[in-house]
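According to the working numbering, the stretch in the sequence shown is residues 33 to 609, in order. Ideal Cβ positions, reconstructed from N, Cα and C, are used throughout, including at glycine.
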Amino acid sequence: MTNARKSTKTPSITEKPITGSKVLCDTLLDEGVDTVFGYPGGVVLPIFDELYDSPINFIIPRHEQGGTHMADGYARASGKVGVVLVTSGPGACNTVTGIATAFMDSIPMVIITGQVKTHLIGNDAFQEADTTGITKPITKHNYIVKDPKDLGRTIREAFHLARTGRPGPVLIDLPVDVTTALCQMAPKGEFLLPGYKVRTEGHMRQIVKAAEAINAAQRPVIYSGGGVLISEASAELTELVEKSNVPITTTLLGLGAFDENKDLSLEMLGMHGTAYANFAIQECDLLVAIGSRFDDRITGDVKRFAPNAKIIHIDIDPSSISKNVKVDIPVVGDAKKILVELNKLIEFRERKEWLARIAELKEKFPLTYDNEGEGIKPQYVIEEIWRQTKGQALVTTGVGQHQMWAAQFYKFSKPRHFISSGGLGTMGFGVPACMGAQIACPDATVINIDGDSSFSMSLLEIPTAVEHNLPVKICVLNNGYMGMVRQWQELFYGHRYSKSYMKQPCFAKVAEAFGAVGITVSKKSEVADAVKRMLAEDKCCVVDFQVEREENVWPMVATGKGLHEMAGLPTNTSERV
């Protein structure tokens, strides 16, 4: 176990004092920050004045929430800490949804918010808000810096907290008089965090138990989550799967950790996961969970989840162990380090009967859809994008039906190539996230797959992409509904489509007005050429695919059902475990 308490003494300072704004900007550079997303305002003007001469690339969104999602997408694509800088009051409040999104998905971010002068705090001053109070439940930690002597150390601690252990957003609230006061830089590695301890090395006795259980299992399944990607453990996970000969399923945020084109892949599990993944979970005798938290969208009815399985849980966050599902063999630590040790103990097993059963499930319950007729099926659009990009694009999504179709029909083979809001389910996430991802990966083909309602929430960020020459591709699966809301209203509310429809503008014309390329596709025969044209564009391009309006996402595990009780299977009967 490592202790983050590097020092309990005030850092020794040899440099002459500088303004708090310069301390902030210089420390950002020292922490490896090359890009910051945010919006100016009164109390942060001293910082922006310092940024005037800084080499930091500063991206101004059209809205602070968009900037926060951009920083999130940047962090997910790069593995670095995303940084946001906004003003006090409404500027800070506008970041809340983005902070909560990052918190739920364990994304490393540092959010710097301006604040009124220290002597005005609590007096309802102009553009004052209790930012630390508002964000306390949705940050890994937050600070308000009232003493200039604490500034340098606080910034160092924020980055350390954001990127270590289970990552997450950390907020620093900066009164304007602290940014103008004389301060001093803090050396790297100087922290005052006596209570912050991160266990990265797994206990060897637990690792041995896990290896013995895997070697002895007859019907094992590996269940991998976003923690594997955060830990950069994709190679080690692949080694475990292939060395043990165990089939693997992933969560939404775990997509890409294992190549979905390989035979041992069961693809995604859960509410809209593949039928063969869900049935395999219900039939397995050992479930190896790695970097995942047994979310309710994954488990269905917890009482009937993996009823025959012994459960191994590998996670860096001890509070996640047995929180939702009781586990038999907990291993606390960094996924990459644990998998390195675990792989040394794994023995190959044929498991012919189990793999034959998996093959039978895949054949009986394929992930498919009816593509007959002249209408455009959203699944077909995604398959065509996958075909023309050869599965190599970096894909972001909004939230809704399109998100599930993207997860189902774009077969991911690389880590950090699928970026989406998981835990919070934030509509409007996709457009700004794809811009952040493009900035992080300038040579990548970045495609945002969106729905018309989710896209409408953030289309105002298209000028940001145009301004910064970001060649992002935005594919809108436009069915004229809030698709997932409409699907639930169809299935559970007797087709009473209450307020789930909005009249949308011509998205292609909106894109053109913003300086981007706009394309409208209304016929299935036009899809392939539209995708080809989109991929050839060297600037932001929005393609409005007018898809069939009442297509549903299948299969589906309804709330309160077990994973084996799926609706919408290719056959008329559902298997029972």
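The straight-line gap separating the alpha-carbon atoms of G302 and A321 is approximately 14 Å. Taking all protein chains in view, the Cβ of T591 is surrounded by fewer than 16 other Cβ atoms within 10 Å, so the residue is classified as exposed. Within the stretch 363-440, the alpha helix (DSSP H) runs of at least 4 residues that lie entirely inside it are, in chain order, 367-375, 384-396, 410-421. Annotated three-state conformation of C573 is strand, per DSSP. If you draw a straight line from the Cα of K241 to the Cα of P362, it is about 10 Å long. By the 16-neighbour rule on beta-carbons within 10 angstroms, K505 is buried.
Remark: three or more beta-carbon pairs, one from each stretch, lie closer than 8 Å, so the stretch 514-523 and the stretch 577-588 are flagged as touching. Its Cα nearest to that of Y228, the residue A194 stands out among A194, A245, F524. Secondary structure at A265: coil, using DSSP grouped into helix, strand and coil.
For Y255, the enclosing beta strand (DSSP E) starts and ends at 252-256. One Cα belongs to P226, the other to E189, and the distance between them is close to 12 Å. With respect to V273, L296 sits close: the two C-beta atoms are nearer than 8 Å. In this structure, DSSP gives Q521 a helical state, which the three-state scheme calls helix. Within the same chain, I246, I378 come within 6 Å of S276 by CB-CB distance, once the 5 residues on both sides are set aside.
Within the stretch 442-481, complete alpha helix (DSSP H) segments of at least 4 residues are found at 462-472, given in chain order. For C507, the enclosing beta strand (DSSP E) covers residues 505-510.
Taken through DSSP and simplified to helix, strand or coil, K168 comes out as helix. For G114 and D104, the gap between their C-alpha atoms comes out near 6 Å.
In this structure M459 is buried. Its beta-carbon is surrounded by 16 or more other beta-carbon atoms within 10 angstroms.
Taking the Cα positions, Y442 is about 14 Å away from V563.
Apart from the 5 residues on each side of it in sequence, T270 sits with its Cβ closer than 7 Å to the Cβ of F290 in its chain, given in chain order. Within the DSSP bridge table, the entry for N89 names T67 as partners. Secondary structure of D317 (DSSP, three-state): coil. Annotation: the stretch 167-207 contains the following complete segments of the beta strand (DSSP E) (minimum length 3 residues), in chain order: 173-176, 201-207. Unbroken alpha helix (DSSP H) stretches of 4 residues or longer found wholly inside the stretch 328-354: 328-331, given in chain order. For S297, the secondary structure class from DSSP, reduced to helix, strand or coil, is strand. Here the stretch 405-412 lies against the stretch 427-439, with 3 or more beta-carbon pairs under 8 Å apart. Leaving aside the five residues that flank T552 on each side, the residues in its chain whose CB is nearer than 6 Å to its CB run, in chain order, A540, D576.
According to the DSSP assignment, T59 belongs to the alpha helix (DSSP H) that extends over 52-62. The Cβ atoms of G234 and G365 lie closer than 8 Å to each other.
Taking the Cβ atoms as the reference, Y106 lies roughly 12 Å from A476, outside the contact range of under 8 Å. If you draw a straight line from the Cα of T281 to the Cα of E499, it comes to about 40 Å. When C-beta atoms of the stretch 209-218 are compared with those of the stretch 46-55, three or more pairs fall below 8 Å, so the two segments count as touching.
Rounded to whole angstroms, the Cβ separation of S452 and T429 is 4 Å, and the two are in contact under 8 Å. Cβ contact annotation for A338 (same chain, cutoff 6 Å, sequence separation greater than five): I313, L319, in chain order. Collapsing the DSSP output to three states places I239 in a helix.
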